Structures are given as structure tokens and as C-alpha cells.
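In terms of the numbering used here, the sequence shown has 151 at position 145, counting the first letter as 1, and numbering is strictly consecutive. For each residue, glycine too, the CB sits at the ideal point set by N, CA and C. All of these numbers come straight from a predicted model, not from anything done at the bench.
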Amino acid sequence: MGQQAALPKELLITGGKIYDPATGKSRREDLGVKDGRLVDPASLRPEKAQVLDATGCVVTHGFIDIHAHFREPGREDKETLVTGSQAALAGGFTRVCVMPNTDPPIDSPEGVRATLERAEGLPVRVQVIGAITKGQRGEELAELREMRAAGAVAFSDDGQPIRDGQLLKRALQYTKDLGVPVINHAEDVHLRADGVMNESALSTRLGLPGNPVEAEGAMIYRDLLLAQDTGGRVHIPHISTALGVAQVRAFKGLGLAVTAEATPHHLGLTEELMRGFNTQAKVAPPLRTEENRQAVVAGLLDGTIDCIATDHAPHTVEEKEQDMLRAPFGMIGLESAFGLVHTTLRAAGMDIEGIINLLTAGPAAVMGFDLTPLKPGSPAELVVLRPDEEWTFTREDIYSRSRNSPMLGMTFTGRVVATLTPNGWFIQS
Ligand code: DOR
Ligand code: ZN
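In C-alpha cells form, the structure reads like this:
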């Protein structure tokens, strides 16, 4: 449970450790916030300033999610820009890049501008990823250059892979000088077929159609070859297999400027959650075996995978209550992201700074974003984390309009205590 409100006019954050991912340095110091900006704490009026006791906490740059689905326009019953940004703020995120698989898809400069206008003044900064193809039909390239000029920060038909390799090759050639990544949903549709979970001994036992690791591996390999051939910028989303991690590692080793992300659910959960025929665990790409999960974690530890992205994918209760074959793919992920990621990566030996980097400097580098320096004069873009707090993720923690999460009821170590932006703040109560 927490509260969301306007940022207090004056706020003193005391007793915390400050970690600035832009410099990689930590310091122990109080932080002042006044009128949405960081200030010298000495300049606050003690009788006016609200105090946030950050003892035992790490104060750092707000998280950046480069892969979320906010469903506006078209499916505002699942999520809107407003509710999605509230979910983001509760999860410690201060910036979110939204995917264009809305209804209609964001595939034009007008669409990009309309979303950016609607997102003005929201508690988090929303940036837009434009569709690669018109209508996300995978047939004809959209107006990539014009969308970039309108503010698109990347291109993706996410949800739908680009089946036609020639088309993706052209997208990479056209966007080469735009300096933004092309993000292709990495699943070969023919190999994926009608798979609803990872193809494994478990899928056979459950009698559910499987989606093999080769569906991801084949698509990632094709996209890496096309990036190498064109010199274009490919970013691999939601990597879920040992095969995929090994290929990205190999191509990075050859000097290719490719980047990759992993989701909290692929690094922290496995196909075991499908045992109870739980549709909340149905996601694309699917949750895999423990072996694959460990390969994703290893990829994060050795830098093969550049960042964490949530793939927050809200769906209605009615849709998710259908049977396993019919229920849509996807789970919400913003509010539980830090808990699941921190619990998992700390157990794997990563320190808090490394974990924060994967949620801040990592995604910023993938997209070419600047981080906000944590010093007086900067706009407030902060998250306060309590790494040692154990908590159970419940419905009360959800701000999204949807609640399709298999993480409900799970206990995590590491919690978001507060998130601050010039347009709002979230405080855990
Ligand atoms: O599980 C998923 N859901 N994977 C995707 O790539 C798309 C997403 C959605 O939009 O629901
Ligand atoms: Zn996707």
C-alpha cells in the first residue's frame, strides 16, 4: 500500500546512501528537493520541509523501463497512459517507453505526437516507440523517419515479429542514421505455432502445445545476421533462452553493436508456474526451464544482457479467466519489478549498484538517453529503495488498471519506498 500525490513543495531526504548510476559513485549525504528540483538541503526551511527518513535505504536515479504496454488508444479498459504511469511510479520508474501495439497501432508521426501530448504532465515521463510496419501488419514499412522527427525513440512491432527478413533488413538500413534501435519481437511464428508455454517435458505432461527455444533462437540469429550485414542497430527484447543469450554473447564478441534486455519474469520465474494451469503465467516468450532462467541471469551478470525491461502487459480479468489456449499472453510487471529482480539477482551475487545499473544506466545506454545527474539544480528523478525489506506482493500494491500477475502472493526482498518526479510522488505507507 502506498500513496500517490503531488511532490511536497520542500522535502528533505535524510540518512540514506546516495548512488548515482551516471558516475557509478556512492556517497552518504542528505538530499533536498524544492519545487521539483534537487537543492542543497541547507536551503530548505526546517519548519516547512517534509522529512523522508531514508535510513537503511539507497537513494538513486528513477528506473527507466524501455518496454511497456499501456493500451491507449483502444483498450483503455486494460490500461491508460494515466493508470500505466501510476503503476510505473509505484514500481520506482520515472520514465517509460510505451510499445505501439495499441488499437490502432502507433504507426504514424500523428500517432506519436498524439500519445506524447496525452502523456504531458503525467507523473512519469512517457516516450513512444513507433511501429516498424504500417498497422503492424508486417507488410510495408511505416514512416520511420517522420515518426523519429515526431519524437519516437525506437521502432518495434512488438507482440508481432517481423516475419519477412527482407523487410526488417530495409528497416535497419533506413534507420541506420537515425541513431535509434529496431526492436523485433524475437519469435519465429512458424516454430512458435500455437504454443502456449515452453516446449518441454512439462508441456508434454500437461498436454499443452509447446513453444520451443528454437523459435526464439532462430529469430535472434536472423536478426543478429541482419544487424551485422546492414550495420543497423538491433535491440533484442525479452530474451528468455540459453540459446538466445549465447548468440548475443557470441555476436558481441565479434564486435557487433547489439543490445538485449531481459524481463523480471524471465530472470526470476520458470515454467513450473504453469503446473496449476495458471493463465497468469502465460506470456510471450514463455517462462522457460530453470536452466534457461539461469542462463538469462548469467547473461545479466556478465554484461551480455544490457538491461531489464518489464514488458508490462495488462489484460482484463475476463480475458485471463478463459482457458489456457484462449487467454491472451502477458502479465503486468511494473509494480513487482524491483522486488523480483532484486530478490533474484542478489541471490545470484549481484550487488545493489549492479542491480540499479540494469534498471537505469543500462536502459538509458540502449536508447541513447541521458541520465539526470543527482546534484543540485537537476529535476527530481529519484527512487528510494530499502534493499533489506521483505514484503509480500498483493493487490494493494497494484496501481495498474489490470491485475494479471502470477507474482501475487510472492514474497520479495527489496522494496521501493518512494519515487519522486517533478510531476508526482509515490510513498509507501
Ligand atoms: O506476453 C506478451 N504480451 N508478449 C508480447 O510481446 C506482447 C504482450 C502484449 O501486448 O500483451
Ligand atoms: Zn514482445
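Cβ atoms of V389 and G68: under 8 angstroms apart, would you say? yes
Hey, quick one: how far does the beta strand (DSSP E) through H241 stretch, first residue to last? Counting along the chain, the beta strand (DSSP E) containing H241 begins and ends at V240 to I242.
Extent of the continuous beta strand (DSSP E) run through G420: For G420, the enclosing beta strand (DSSP E) has its first and last residue at T417 to T427.
With hydrogens ignored, establish whether the beta-carbon of P215 is closer than 7 angstroms to any heavy atom of ligand 1. no
Report yes if the CB atom of F418 is closer than 8 angstroms to the CB atom of T349, and no otherwise. yes
Contact check, A125 vs G8 under 8 angstroms by CB: the rounded distance? Contact flag wrong, Cβ pair sits at about 22 angstroms.
Report, in whole angstroms, the separation of the C-beta atoms of G274 and L44, which I expect to be a contact under 8 angstroms. With a Cβ gap of about 32 angstroms, G274 and L44 do not count as contacting.
In three-state terms, what does DSSP make of T401? For the sequence presented, residue 401 should be read as Arg rather than Thr. In the structure shown, R401 sits in a helix (DSSP, three-state: H, G or I).
Classify S433 as helix, strand or coil using the three-state DSSP reduction. For the sequence presented, residue 433 should be read as Ile rather than Ser. The answer is strand: DSSP assigns I433 an E or B state.
For Y405, the nearest candidate out of D36, V88 and A224 (CA to CA): Answer by Cα proximity: V88.
Can you tell me whether E205 is helix, strand or coil according to DSSP? coil
With 16 as the cutoff for other CB atoms within 10 Å, does K288 come out buried or exposed? buried
What is the residue span of the beta strand (DSSP E) that S162 lies within? A160 to S162
May I have all residues whose beta carbon comes closer than 7 angstroms to any heavy atom of ligand 2, sorted in chain order? D164, G165, H191, P243, H244, A290 and D317
Using 8 angstroms as the threshold, is the stretch 109 to 127 in touch with the stretch 15 to 29, meaning 3 or more CB pairs across them? no
Does at least one heavy atom of ligand 1 sit under 7 angstroms from the Cβ of G98? no
Confirm, please, whether the CB-CB distance from I314 to A370 is below 8 angstroms. no
Contact check, P243 vs D164 under 8 angstroms by CB: the rounded distance? Contact holds; Cβ gap of about 6 angstroms.
Apart from the five residues on each side of it in sequence, which residues of its chain come closer than 7 angstroms, Cβ to Cβ, to T276? L293, R294, T295, E296 and R299
Which stretch, first to last residue, makes up the alpha helix (DSSP H) that contains S408? Looking at the DSSP string, S408 is not in any alpha helix (DSSP H), and its letter there is neither H nor E.
Alpha carbons only, please: which of F344, Q133, D83 and E78 is nearest the one belonging to D109? Residue E78 is the option with its Cα nearest to D109.
Spatial neighbours of S49 within its chain, please: CB distance less than 8 angstroms, with the 5 preceding and 5 following residues excluded, ordered by chain position. Taken in chain order, the residues that qualify are G38 and K40.
Could you give the first and the last residue of the continuous alpha helix (DSSP H) run that contains I361? I358 to L365
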